[in-house]
Amino acid sequence: MSKKKPSKIVHSVRYLAMEILDAVEVEGAYSNILLNATIEKEQLSPADTGLLTELVYGVIQRKLTLDFYMKPFVRKPQKMESWVINLLRLSIYQIVYLDKIPDHAIFYDAVEIAKYKGHQGIAKLVNAILRNFQRKGWQDWQTIENPIERLSIGASVPEWLVKKFTTDFGAEKAENVLLSLQHSPYLAIRLHDASKRSEIIAGLKEEGIETEESPISPNGLRVVKGKITNSSFFKNGDVTIQDESSQLVALFGKLRESDQVLDACAAPGGKTVHMASYLKDGHVHALDIHDHKIGLIEENAKRMNVSDRVQTYLLDAKEADRKFDAQAFDVVFVDAPCSGLGLMRRKPEIKYGVTATTINDLQKEQLNILNTVEKLVKTGGRLVYSTCTLAKEENREVIETFLTHYPNYRVLPANQSGTASKNVAVPEQIVTSEGYIQIFPDDFGTDGFFICVMEKQD
Numbered sequence: 001m002s003k004k005k006p007s008k009i010v011h012s013v014r015y016l017a018m019e020i021l022d023a024v025e026v027e028g029a030y031s032n033i034l035l036n037a038t039i040e041k042e043q044l045s046p047a048d049t050g051l052l053t054e055l056v057y058g059v060i061q062r063k064l065t066l067d068f069y070m071k072p073f074v075r076k077p078q079k080m081e082s083w084v085i086n087l088l089r090l091s092i093y094q095i096v097y098l099d100k101i102p103d104h105a106i107f108y109d110a111v112e113i114a115k116y117k118g119h120q121g122i123a124k125l126v127n128a129i130l131r132n133f134q135r136k137g138w139q140d141w142q143t144i145e146n147p148i149e150r151l152s153i154g155a156s157v158p159e160w161l162v163k164k165f166t167t168d169f170g171a172e173k174a175e176n177v178l179l180s181l182q183h184s185p186y187l188a189i190r191l192h193d194a195s196k197r198s199e200i201i202a203g204l205k206e207e208g209i210e211t212e213e214s215p216i217s218p219n220g221l222r223v224v225k226g227k228i229t230n231s232s233f234f235k236n237g238d239v240t241i242q243d244e245s246s247q248l249v250a251l252f253g254k255l256r257e258s259d260q261v262l263d264a265c266a267a268p269g270g271k272t273v274h275m276a277s278y279l280k281d282g283h284v285h286a287l288d289i290h291d292h293k294i295g296l297i298e299e300n301a302k303r304m305n306v307s308d309r310v311q312t313y314l315l316d317a318k319e320a321d322r323k324f325d326a327q328a329f330d331v332v333f334v335d336a337p338c339s340g341l342g343l344m345r346r347k348p349e350i351k352y353g354v355t356a357t358t359i360n361d362l363q364k365e366q367l368n369i370l371n372t373v374e375k376l377v378k379t380g381g382r383l384v385y386s387t388c389t390l391a392k393e394e395n396r397e398v399i400e401t402f403l404t405h406y407p408n409y410r411v412l413p414a415n416q417s418g419t420a421s422k423n424v425a426v427p428e429q430i431v432t433s434e435g436y437i438q439i440f441p442d443d444f445g446t447d448g449f450f451i452c453v454m455e456k457q458d
C-alpha cells in the first residue's frame, strides 16, 4: 500500500497527539515530558502548541469517559491495536468537547492517520465508527445509576479511587475534588523577592504577560496571558514557575538568614531555591538520588542567583545520617516521594497508574526517610513534612505513626501565630483540626498538597 503524504501526516497536530497518547499508555511515558519535547522538536506555532496541549491532556484526563462514549460503537476493542483506540479517543474528544473544530476535519485527519499507521481496512473502520458516533450521539454518563460508577465515568477516575476518596472525605467532597480535575490547571509563578511585586507585575505587563494575584501564596502570581519563559524576569531569576500550594512549604520553615537547612528530597529544586532566597550566610544542603536531577537543582539555583547558598549531594535521604552529624540542621524539609494524587489535574495519567499497594509501599518509604533525618534536626529545630498527594495514608497516618515513635516532636499548628513566616495568612479552610495544612484541588484550583510542621523538643 502506498502511504499518502507521509511527510504532512507525521507533522500534523493530531498525529503528534496520537503518538504521545500511545506512548503514555503503552510505554508509561510522562505526558508533560513528551509534550514539551514534541513542541520543541516540531517547532510548533503558538496555535498548534495550544491545540496539541489541549488534545493530549484532554484525552488523558477524560479517558474513561471517552471509553464509555465509545463502547456502544466498538465491538471488540481488546482486539484493536492501542494506537487505533487512542486515535478514536482523540477524535471523539474533539467531537464532544471542541466545538470550534468541524467534524469533517476530524474525520479527514483520522482516516488519513489510519491509512498511514495501518491500512485501508483500518481507515474504513475508523471512518465508520466515527460517522456512526456522530449520527447516533453519545450516552449521558449522568444516567448511570450506581453513584460510584457514575462518578468514576464522569470524572474519569478508577472506581477504587472514587471509593477511597468517598470513604476518606465524604461523598460530596470526593465528587467536588474529582470533578474539579477536569478544569485546566493554572500556570503559577513565584516571585524571588515579594517586595518587588508591583514592579514585576508592571514589567511583565509591558512584555505582554498578564497576571493575577494568588489566593493562597503571598509570593505567587497566576499567569493569565503570555509565555512566561520568554520573559526577561524569568531569565534573570526574578520569577520562577512553581505551583501556589508548593510555594507555601518554604514559608513554614520560618527560615533565618544564618540557618543550616537540609532539603532531603530536593529535585527539581523549586522549593530548594525558595528556601535559599531567605538565607544570607546560611546554606541549603539539597539531596537527590538521580544525577540528572542534581543538575536540575543546580540549574535552578544558578538562574535564581542563589548558587552560593545551595550545596547539592547525590545521596539517598535514607542515608543522610551517614553524611551529616546528628543535630546538624536548624530546619529539615522532607518533601517526600509520594503517589502524586494531588497532581492529577496537571499530570492526569497518575490516576490510572496508582494502586493501593503503591500507596502502602510509599508510606513505608516516607517513614523510613523521616526516621533517618529526624536525627539531624537540632533541639528546638523544625522538621517540615510535605507531599503532593491526597492519600491519608501518606499524610496524616505518616505523621501519626512518626509522632508515636518520636514523642519529643510536637506539631506546630499551621494557623498558630509564629508557625509560618510573618507574611503568610493561612486560610482556615485548609487547616485541619490537628493543625496540618491540607489543600484540595477544588479549594483554589491549585495542586493538592499536605504540609505538617513539627518542632523537636528536649
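Numbering (full-length UniProt numbering), first residue to last: 1 to 458. We put the beta carbon where it would ideally sit given N, CA and C, even for glycine.
Report the CB separation of S245 from F402 in whole angstroms; it is logged as a contact under 8 Å. Counting from one through the sequence shown, the residue named residue 245 turns up at place 245. Counting from one through the sequence shown, the residue named residue 402 turns up at place 402. 22 Å between Cβ atoms; not a contact.
The region 371–378 in contact with the region 324–340 per 3-pair CB rule at 8 Å:
yes
*Assigned secondary structure, L287 (DSSP; H/G/I helix, E/B strand, else coil)*: Here residue 287 corresponds to residue number 287 of the sequence shown, with the count starting at 1. It is a strand residue.
**Study point:** C-beta contact flag for E145 and S152 at 8 Å
**Key:** Residue numbering aside, residue 145 sits at position 145 when the sequence shown is read from its first letter. Residue numbering aside, residue 152 sits at position 152 when the sequence shown is read from its first letter. Going by C-beta atoms, E145 is not nearer than 8 Å to S152.
Exercise for the section: May I ask you to report which of helix, strand or coil DSSP gives I101? Expected result: Taking the sequence shown and counting its residues from 1, one reaches residue 101 at position 101. Reduced to three states, the DSSP call for I101 is coil.
Where does A356 sit, in a helix, a strand or coil, going by DSSP? Your numbering for residue 356 matches position 356 in the sequence shown. In the structure shown, A356 sits in a helix (DSSP, three-state: H, G or I).
* Asked: Can you list, in chain order, the residues of its chain whose CB lies under 7 Å from that of K117, leaving out five sequence neighbours each side?
  -> To locate residue 117, count along the sequence shown from 1; it is residue 117. Around K117: W83.
Beta-carbon contacts of I92 that lie in its chain and below 7 Å, excluding the five residues immediately before and after
Taking the first residue of the sequence shown as 1, we reach residue 92 at position 92. Same-chain partners within the cutoff: L66, Y69, M70, F133.
Check your understanding: In or out: N360 buried (at least 16 other Cβ within 10 Å) or exposed?
Key -> By 1-based counting over the sequence shown, the position of residue 360 is 360. Burial call: exposed.
Please name the residue or residues paired with R410 in a DSSP beta bridge. As a first step, residue 410 is located in the sequence shown; it is residue number 410 there, counting from the start. Beta-bridge pairing links R410 to E455.
Exercise. Please report the residue range of the beta strand (DSSP E) in which L314 lies.
Key: Counted from its first residue, the sequence shown places residue 314 at position 314. Per DSSP, L314 belongs to the beta strand (DSSP E) from 310–314.
- prompt: According to the Cβ coordinates, are S339 and A391 closer than 8 Å?
  reply: Residue numbering aside, residue 339 sits at position 339 when the sequence shown is read from its first letter. Residue numbering aside, residue 391 sits at position 391 when the sequence shown is read from its first letter. The answer is yes: Cβ separation under 8 Å.
Taking the alpha-carbon positions, what's the P348 to N408 distance?
-> Numbered from 1 along the sequence shown, position 348 holds the residue referred to as residue 348. Numbered from 1 along the sequence shown, position 408 holds the residue referred to as residue 408. If you take the alpha carbons of P348 and N408, they lie about 39 Å apart.
ask   = Starting from G381 and walking both ways along the beta strand (DSSP E), at which residues does that stretch end?
value = As a first step, residue 381 must be located in the sequence shown, where it is residue number 381. First-last of the beta strand (DSSP E) with G381: 377–387.
Whole alpha helix (DSSP H) elements within the region 115–151, 4-residue minimum = 120–136
Backbone secondary structure at L181 - three-state DSSP | As a position in the sequence shown, residue 181 is number 181, starting the count at 1. Note: L181 maps to coil in three-state DSSP.
Item to complete: Could you tell me whether the region 234–249 touches the region 181–191, using the rule of 3 or more Cβ pairs below 8 Å?
Response: yes
For my contact list, I369 and A336 are in at a C-beta cut-off of 8 Å; report their separation, rounded to the angstrom. In the sequence shown, counting from the first residue as 1, residue 369 sits at position 369. In the sequence shown, counting from the first residue as 1, residue 336 sits at position 336. Right, their Cβ atoms sit about 6 Å apart.
- Message: Give me the residue from L251, T419, A128, I350 with the minimum Cα distance to L181.
- Response: Taking the first residue of the sequence shown as 1, we reach residue 181 at position 181. The shortest C-alpha separation from L181 is found at I350.
* Asked: To the nearest angstrom, how far is it from the Cα of L204 to the Cα of L130?
  -> Counting from one through the sequence shown, the residue named residue 204 turns up at place 204. Counting from one through the sequence shown, the residue named residue 130 turns up at place 130. Distance between the alpha carbons of L204 and L130: 45 Å.
> Going by beta carbon distance, what residues of the same chain come within less than 6 Å of Y313, once the five residues before and after it are set aside?
Replying inline: On the sequence shown, residue 313 is found 313 positions in, with the first residue counted as 1. Cβ within range, chain order: L287.
Using the Cα positions of R89 and G418, report the straight-line distance between them to the nearest angstrom. Reading the sequence shown from its first residue, position 89 is the one you call residue 89. Reading the sequence shown from its first residue, position 418 is the one you call residue 418. If I take the Cα positions, the gap works out to 51 Å.
Quick check on T240: does DSSP put it in helix, strand or coil? Numbered from 1 along the sequence shown, position 240 holds the residue referred to as residue 240. It is a strand residue.
- Task: Out of H283, C265, A250, I297, point me to the one whose CA is closest to D259's CA.
- Result: Position 259 of the sequence shown, counted from the start, is the residue given in the question as residue 259. Considering only alpha carbons, the answer is H283.
Q. Can the beta-carbon of L262 be found less than 8 Å from the beta-carbon of A320?
A. For the purposes of this step, residue 262 is taken as the residue at position 262 of the sequence shown. For the purposes of this step, residue 320 is taken as the residue at position 320 of the sequence shown. Yes; because the gap between Cβ atoms is below 8 Å, this pair is in contact.
_So, with DSSP's three-state summary, where would you put A29?_
Taking the first residue of the sequence shown as 1, we reach residue 29 at position 29. In the structure shown, A29 sits in coil (DSSP, three-state: anything other than H, G, I, E or B).
Task: Between the CA atoms of S214 and E397 - distance to the nearest angstrom - done: One-based indexing of the sequence shown puts residue 397 at position 397. One-based indexing of the sequence shown puts residue 214 at position 214. Whole-angstrom Cα-Cα distance: 30 Å.
- Report the partner residues of F449 according to the DSSP bridge assignment. Here residue 449 refers to the residue found at position 449 of the sequence shown. According to DSSP, which records beta bridges pairwise, F449 is partnered with I439.
With DSSP as the reference, label V111 as helix, strand or coil. For this step, residue 111 is matched to residue 111 along the sequence shown. Helix.
Express the C-alpha separation of L343 and I439 in angstroms, rounding to a whole number. On the sequence shown, position 439 is the one that residue 439 refers to. On the sequence shown, position 343 is the one that residue 343 refers to. Each residue's Cα considered, the two are about 12 Å apart.
- Query: For K225, which of helix, strand or coil comes out of DSSP?
  - Reply: As a working note, residue 225 is residue 225 in the sequence shown. Of the three classes helix, strand and coil, the one that applies to K225 here is strand, per DSSP.
Residue range of the beta strand (DSSP E) that includes R256: For the purposes of this step, residue 256 is taken as the residue at position 256 of the sequence shown. Premise fails: R256 is in no beta strand (DSSP E) and is neither H nor E.
If you follow the alpha helix (DSSP H) that D168 is part of, which residue opens it and which one closes it? Mapped onto the sequence shown, residue 168 falls at position 168. Its alpha helix (DSSP H) spans residues 159–169.
Exercise for review: Could you have a look at T211 and say whether DSSP puts it in helix, strand or coil?
Suggested key: Here residue 211 is taken as the residue at index 211 of the sequence shown, counted from 1. Three-state result, T211: strand.
inquiry  = Across the region 213–227 and the region 154–174, are there enough close Cβ pairs to call them in contact, namely three or more that are closer than 8 Å?
reply    = no
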